[in-house]
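Student:
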Amino acid sequence: MTDLASPRWVIRFVESGESVPGETFTIFISEDDSGDGRHFDLQCMLSEPSAQNVRLELDSYCIVNEAGGVHYGGLEEVSLLPENLILRFRDDAVEELELSSNVVTLGIDPTIDVEEVRAGLRKVLSYGNPHKVPNMNL
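In this text, residue positions in the sequence shown follow the working numbering: the first is -2, and each later residue adds one.
#1: Can you pull the DSSP bridge partners for Ser13?
#2: I'd like to confirm the pairing. Which residues does DSSP put opposite Ser98 in its beta bridges?
#3: Are the beta-carbon atoms belonging to Ala64 and Leu94 less than 8 Å from one another?
#4: Helix, strand or coil: how does DSSP classify Gly125 here?
#5: Leaving out five residues on either side along the sequence, give the residues of the same chain with a beta carbon under 8 Å from the beta carbon of Ala116.
#6: Going residue by residue through the segment 32 to 97, where are the continuous alpha helix (DSSP H) segments of at least 4 residues, counting only ones entirely within it?
#7: Could you tell me which residues DSSP pairs with Leu103 in its beta bridges?
#8: Do you know how far the Cα of Ile105 is from the Cα of Val114?
#9: Going by Cα to Cα distance, which pick from Ile24, Arg35 and Asp30 is closest to Leu103?
#10: Buried or exposed for Val17, going by 16 or more other Cβ atoms inside 10 Å?
#11: Could you tell me the distance, in whole angstroms, from the CA atom of Lys120 to the CA atom of Ile24?
#12: In its own chain, which residues sit with a C-beta less than 8 Å from the C-beta of Arg5, not counting the 5 before and 5 after it?
#13: Is Glu28 close to chain B? Criterion is C-beta to C-beta, closer than 8 Å.
Dropping the structure here:
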């Protein structure tokens, strides 16, 4: 992935860890720490997907954004560069998350712990249905 368009916004806040102890892990990336600005909240369960989740196609990581969109397994590719995070979304995720294009380039503020971002993305995006795991250049 070499699309280095100008960043849509800059990641200035990151939080990762178990959002529900023993149940879910999340990496929350945002343009600020208020939670009101632009953000992506990427989540996964800590246990294997249940048979019901597989039937309902809820058997992968989940992406939530500030538009209130929710999508399971919506990324094709993720690239983490020293100053940018590039997310390439599947067409159905673009619609559900109300994105303006398939490729979202985010700048990374120099104060952000890139290793925390890398580890969080790797953990969340590797979860569940292997057909929904994106190509990761982390």
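In this text, a Cβ means the ideal position worked out from N, Cα and C, and glycines have one as well.
Tutor: This is what the structure gives:
#1: Ile24
#2: Answer is none; Ser98 lacks a bridge partner.
#3: yes
#4: strand
#5: Ser13
#6: 48 to 52 and 88 to 93
#7: Trp6 and Leu82
#8: 10 Å
#9: Arg35
#10: exposed
#11: 9 Å
#12: Arg35, Val101, Thr102 and Leu103
#13: Among the chains in the structure shown there is no chain B, since it carries only a single protein chain.
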